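Engineer: In my numbering, the protein residues as written are 604 to 1177.
Following this message is one structure expressed as structure tokens.
Right, dumping it as structure tokens:
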């Protein structure tokens, strides 16, 4: 009996203990262990959660591929002012299986309005592009002390958001580009930054040893990175560092370091790179490769740059040395770089003041790059990340405009399809013509019957390029013009009205036709570009010829009214 009572007491006690654990234990969803599992790096990678938190958590801009478990929203954080801590979470892996085909938009001149980008982004996607390299220069909406850098027509923060949204919609990966060493004219042209120049009288390059240089670069990168939280790649330029070694700071450093110019360059870009990796862990950096060509493999290895950056080998000529490109790839492989990028050109690389894109030039460039791409399997430890089809708008900040973007679209289409098919065969040509709605004539470097976004600009630029100057010269070569309307005749108001009558009406007709045409052209340009671009392009390519026409019309009408009077004699003596 006592045993039975004892057993009942034991069983009752166990039941009470079990019920107590059930009632007072924490729920599974809030257990410390579960919280650690959810926060694991594998979870973030699988879920494609955004990899940057700034002022507050924002919803993932990339569509989630797997949602097998519950998603815990990160806690809202206060803004962190330190540049080194502002962007904390890692970038998701998002491994790209195929090499990217990136279209470069050079915004240092003739930056298109966002309304035009809205039209061409789907076109670029249909042509085979899957990314955009956005070289901001002075079109980024810099704030605070850096506001001086932005153009009067710079994109607004809202424009940037729309560009990002359009890119995402059309599956185009956005890669920002900010120059941090060479080609910093848009920064160093300002008196405020004269003291940071490598060469006192030239705005080309930054003095890497000036105390405020790194702070300036960090501020620029931080502002751009803040607007591109989702970026997996970031291009920091660093090409053509003109005059490096010429500042007094650099001379002293070189004297103390055996004149090692390569190390001087690498020290700066590596410091910038390390800053970027702290700013956003996991970000993958790109640099133009030309300055590496002068550096030793040993110096590159010792810098550690290869651990977080990839060189972008560029060559834009139509007869590039494929073997030499192979030598560069081998050098970078030996230096420890895990990947390389290539850069071709679809426009803006055949002449500093080129107005009409020579398609055949750029086709040949891409056929040679295709040879290089085909050879990549022989490089066992370096990966081909992709190719950027550059579309330069200026050779540098202070030079004239190259071909406008709409003018380069047929060339871009030819080049993208050449990369897709491995050559510009009948299939590639047919695809270009189907997408652009035109007939490609390589022998004439043109696309006839165009109907792509911006094709009205394309056709009108062609007419101006082909006919404006030549039509004025043609009338000036006529018999009576040459015989009776020279600069001497016009200066002295001396001519036979009968002779002027043979070309007067033709001259006025030509003037009126071009005047009407160019008013329409200006309206069409203003739909694509900002007023500063329209003004500059007309000034460089139109106004000289139109003003000449106008002056000739004014002079011929004035002299005819004089009815062949004696010339106005200069005060000369025997």
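Where a beta carbon is used, it is the ideal one built from N, C-alpha and C, also for glycine.
None of the values given here were measured: they were computed from a predicted structure.
Going residue by residue through the region 935–995, where are the continuous alpha helix (DSSP H) segments of at least 4 residues, counting only ones entirely within it?
Structural biologist: 962–977
Engineer: If you measure between the beta carbons of residue 1113 and residue 1087, is that distance less than 8 Å?
Structural biologist: Contact: no.
Engineer: In the DSSP assignment, the alpha helix (DSSP H) including residue 1087 goes from what residue to what residue?
Structural biologist: Under the DSSP assignment, residue 1087 falls in the alpha helix (DSSP H) whose first and last residues are 1082–1087.
Engineer: Would residue 994 be called buried (16 or more neighbouring beta carbons within 10 Å of its own) or exposed?
Structural biologist: buried
Engineer: So, for residue 846: in the same chain, excluding its five sequence neighbours on each side, which residues have a beta-carbon less than 7 Å away from its beta-carbon?
Structural biologist: 801, 802, 805, 807, 808
Engineer: With DSSP collapsed to three states, give me the class of residue 1013.
Structural biologist: helix
Engineer: Closest by CA to residue 918, which one among 968, 735, 934?
Structural biologist: Considering only alpha carbons, the answer is 968.
Engineer: By alpha-carbon positions, which one of 916, 1039, 853 ends up nearest to residue 838?
Structural biologist: 916
Engineer: Taking buried to mean at least 16 other C-beta atoms within 10 Å of its own C-beta, is residue 1162 buried or exposed?
Structural biologist: buried
Engineer: Which one of 914, 731, 875 has the shortest CA to CA distance from residue 889?
Structural biologist: 914
Engineer: For residue 1085, which option in 1069, 1105, 1070 has the closest C-alpha, if you only look at C-alpha atoms?
Structural biologist: 1105
Engineer: Leaving out the 5 sequence neighbours to the left and right, which residues in its chain are closer than 7 Å to residue 1006 when beta-carbon positions are compared?
Structural biologist: Cβ within range, chain order: 950, 951, 957, 958, 959, 960.
Engineer: Determine the DSSP secondary structure at residue 919, reduced to helix, strand or coil.
Structural biologist: Under the three-state reduction of DSSP output, residue 919 falls in the coil class, being neither helix nor strand.
Engineer: Just tell me which of 942, 753, 1073 has its CA closest to the CA of residue 836.
Structural biologist: 942
Engineer: In chain order, what residues of the same chain have a beta carbon less than 7 Å from the beta carbon of residue 1036, not counting five sequence neighbours either side?
Structural biologist: 1042, 1043
Engineer: Would DSSP call residue 655 helix, strand or coil?
Structural biologist: Interpretation of residue 655 is limited by its pLDDT of 34, a score under 50 that renders its predicted location unreliable; the figure taken from the coordinates is listed afterwards. The answer is coil: DSSP assigns residue 655 none of H, G, I, E or B.
Engineer: Round the Cβ separation of residue 775 and residue 724 to the nearest angstrom and send it over; I've been treating them as touching at under 8 Å.
Structural biologist: 6 Å
Engineer: By Cβ distance below 6 Å, which residues in the same chain neighbour residue 647 in space, the five residues on each side in sequence not counted?
Structural biologist: Low local confidence applies: a pLDDT of 23 at residue 647 is under 50, so the model's placement there is unreliable, with the coordinate-based value given in what follows. So no residue of the chain qualifies.
Engineer: So within the region 752–833, which uninterrupted beta strand (DSSP E) runs reach at least 3 residues, ignoring any that extend past its ends?
Structural biologist: 776–780
Engineer: Residue 856 to residue 869, Cα distance in whole Å?
Structural biologist: 13 Å
Engineer: Any idea if residue 1056 is buried or exposed, counting beta-carbon neighbours within 10 angstroms, 16 or more meaning buried?
Structural biologist: buried
Engineer: For residue 874, does the three-state DSSP call read helix, strand or coil?
Structural biologist: helix
Engineer: Assuming residue 790 and residue 752 form a contact by the criterion Cβ under 8 Å, report the distance between their Cβ atoms to the nearest whole angstrom.
Structural biologist: 6 Å
Engineer: Quick one: grab the DSSP three-state call for residue 849.
Structural biologist: Under the three-state reduction of DSSP output, residue 849 falls in the coil class, being neither helix nor strand.
Engineer: Give the DSSP bridge partners of residue 836, in chain order.
Structural biologist: 887
Engineer: So what does DSSP say about residue 1171, is it helix, strand or coil?
Structural biologist: coil
Engineer: Name the DSSP bridge partner or partners of residue 913?
Structural biologist: Residue 913 is bridged to 889.
Engineer: So, do the region 1125–1138 and the region 1076–1083 have three or more beta carbon pairs nearer to each other than 8 Å?
Structural biologist: Too few Cβ pairs lie closer than 8 Å, so no.
Engineer: May I have the straight-line CA-CA distance separating residue 548 from residue 1142, to the nearest angstrom?
Structural biologist: Given that the chain is displayed from residue 604 to residue 1177, the structure contains no residue 548 and the question cannot be resolved.
Engineer: In the structure shown, what three-state DSSP assignment does residue 736 receive?
Structural biologist: Strand.
Engineer: Report yes if the C-beta distance between residue 702 and residue 990 is below 8 Å; otherwise report no.
Structural biologist: yes
Engineer: I need the straight-line Cα distance from residue 786 to residue 842, nearest angstrom please.
Structural biologist: About 7 Å.
Engineer: For residue 979, which residues in the same chain have their Cβ closer than 6 Å to its Cβ, ignoring the five residues on either side in sequence?
Structural biologist: The residues are 987.
Engineer: If you draw a straight line from the alpha carbon of residue 981 to that of residue 934, how long is it in whole angstroms?
Structural biologist: 14 Å
Engineer: Looking at C-alpha atoms only, which residue of 795, 765, 719 is the closest neighbour of residue 749?
Structural biologist: 795
Engineer: Is residue 740 buried or exposed, if buried means 16 or more other CB atoms sit within 10 Å of its CB?
Structural biologist: buried
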